[in-house]
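Residue numbers 11 to 289, in our numbering, belong to the letters of the sequence shown in order.
Heads up, the beta-carbon is just placed ideally off N, CA and C, and yes, glycines get one too.
Okay, structure first, notes after.
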Amino acid sequence: MVRLIVLSNPRMAHAFVDYMATLNVTIEIHYQQQQIELWLVDESSEQLAHQELDRFLHNPNDPRYLAASWQSGRSDANITYHRAYSLATLRNQAGPLTFAVIAICVIVYLLMQLFGDDALMEIFAYPADSSQYIQIWRWVSHAFLHFSLMHILFNLVWWWYLGGPLEKRLGTGKLLEITLLSAILSGCGQAMFSGHMFGGLSGVVYALIGYCWLSGERAPERGIFLQRSLMAFAVAWIVIGYFGALSLVGMSVGNTAHLGGLVVGLALAWWDTRSSQRS
Numbered sequence: 011m012v013r014l015i016v017l018s019n020p021r022m023a024h025a026f027v028d029y030m031a032t033l034n035v036t037i038e039i040h041y042q043q044q045q046i047e048l049w050l051v052d053e054s055s056e057q058l059a060h061q062e063l064d065r066f067l068h069n070p071n072d073p074r075y076l077a078a079s080w081q082s083g084r085s086d087a088n089i090t091y092h093r094a095y096s097l098a099t100l101r102n103q104a105g106p107l108t109f110a111v112i113a114i115c116v117i118v119y120l121l122m123q124l125f126g127d128d129a130l131m132e133i134f135a136y137p138a139d140s141s142q143y144i145q146i147w148r149w150v151s152h153a154f155l156h157f158s159l160m161h162i163l164f165n166l167v168w169w170w171y172l173g174g175p176l177e178k179r180l181g182t183g184k185l186l187e188i189t190l191l192s193a194i195l196s197g198c199g200q201a202m203f204s205g206h207m208f209g210g211l212s213g214v215v216y217a218l219i220g221y222c223w224l225s226g227e228r229a230p231e232r233g234i235f236l237q238r239s240l241m242a243f244a245v246a247w248i249v250i251g252y253f254g255a256l257s258l259v260g261m262s263v264g265n266t267a268h269l270g271g272l273v274v275g276l277a278l279a280w281w282d283t284r285s286s287q288r289s
């Protein structure tokens, strides 16, 4: 047998297995703690299995996969789907760093509401000049600053959605690497264009967007992916921001931080997948 991939979402795993059954390809599901391994029974079908897996990872919500589950008569399909949104499952789909960053952002946001934005900016903002360069936390801590409820919710939802599966699949060290590099480099770019008075996790989020998308394109067997439609939306958001359309509706956006984070994520994904057969 050949191991195809490891997933954390049982509904996704069953959907792909059911679909491959309609193609007369048998795949077994092996449960390993919180992970789900998919094993191809007949090695002669390996090329077809990888081609279909690639297509599935790019668009797991395609109606063909839901139809396959209905066709297989799987009685637990809907039950498993709803359980995916339970608190226990949400915890299982993220690691310690994912939750630590969420907790820090929430605490900092509450302190900003209590003591004011300026008080927290004095402590956590990007270095204002060379005299603050030695305060090394500032190179990263600006990512924990958020200036509205919508701002923090938007960033934390994306952080959990992308960072959680990445940490579970590739490890805390990889997520920490992406987070630190993107926070430092995207912050540096934003400071060059707008000064040091900025904040938010969006530079890191864009790095995760770029990393997950390109990893899925070049090496889907790693189990990290992002739908192309979401990648297109993220790029369009940067373009709209640079044309100033968002400022017309009262939104202040760190476009350079977004672009810098995206470039960092793409570069790291390219480096990490350079030895893949799909490269």
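Would DSSP call ARG13 helix, strand or coil? The residue you call residue 13 lines up with position 3 of the sequence shown. Three-state DSSP puts ARG13 in a strand.
Span of the beta strand (DSSP E) holding GLU47? As a first step, residue 47 must be located in the sequence shown, where it is residue number 37. Residues 45-50.
Should ARG290 and GLY233 be called a contact, given that it needs their Cβ atoms to be closer than 8 Å? Outside the displayed range of the chain (11 to 289) lies residue 290, so it cannot be described from this structure.
Helix or strand or just coil, what does DSSP make of ILE39? Stepping through the sequence shown from its first residue, residue 39 is reached at position 29. Residue state, collapsed to three classes: strand.
Would you say GLU56 and LEU50 are within 8 Å of each other, going by their C-beta atoms? On the sequence shown, residue 56 is found 46 positions in, with the first residue counted as 1. On the sequence shown, residue 50 is found 40 positions in, with the first residue counted as 1. Yes, they are a contact pair.
Nearest to TYR171 (by Cα), restricted to the options VAL245, ALA104, ILE15: Here the question's residue 171 lines up with position 161 in the sequence shown. Cα-wise, what sits closest to TYR171 is ALA104.
Find out if the Cβ-Cβ distance for the pair HIS156, GLY210 is shorter than 8 Å. On the sequence shown, residue 156 is found 146 positions in, with the first residue counted as 1. On the sequence shown, residue 210 is found 200 positions in, with the first residue counted as 1. Cβ distance < 8 Å, so HIS156 and GLY210 count as in contact.
Do you know offhand how far ALA244's Cα is from ASP139's? Within the sequence shown, residue 244 is the residue found at index 234, counting from 1. Within the sequence shown, residue 139 is the residue found at index 129, counting from 1. Using only the alpha carbons, I get a separation of about 31 Å.
Use the C-beta contact count for MET131: other C-beta atoms within 10 angstroms, 16 or more gives buried, fewer gives exposed. Here the question's residue 131 lines up with position 121 in the sequence shown. Counting Cβ neighbours within 10 Å, MET131 comes out buried, since at least 16 surround it.
For LEU269, the nearest candidate out of ARG228, ALA193, SER285 (CA to CA): Within the sequence shown, the letter at position 259 stands for residue 269. Considering only alpha carbons, the answer is ALA193.
Is CYS198 close to chain B, meaning its C-beta is less than 8 Å from at least one C-beta of that chain? Absent from the structure: chain B. Only one protein chain is present.
Going by DSSP in three states, GLN142 sits in which element: helix, strand or coil? Counted from its first residue, the sequence shown places residue 142 at position 132. Helix, per DSSP.
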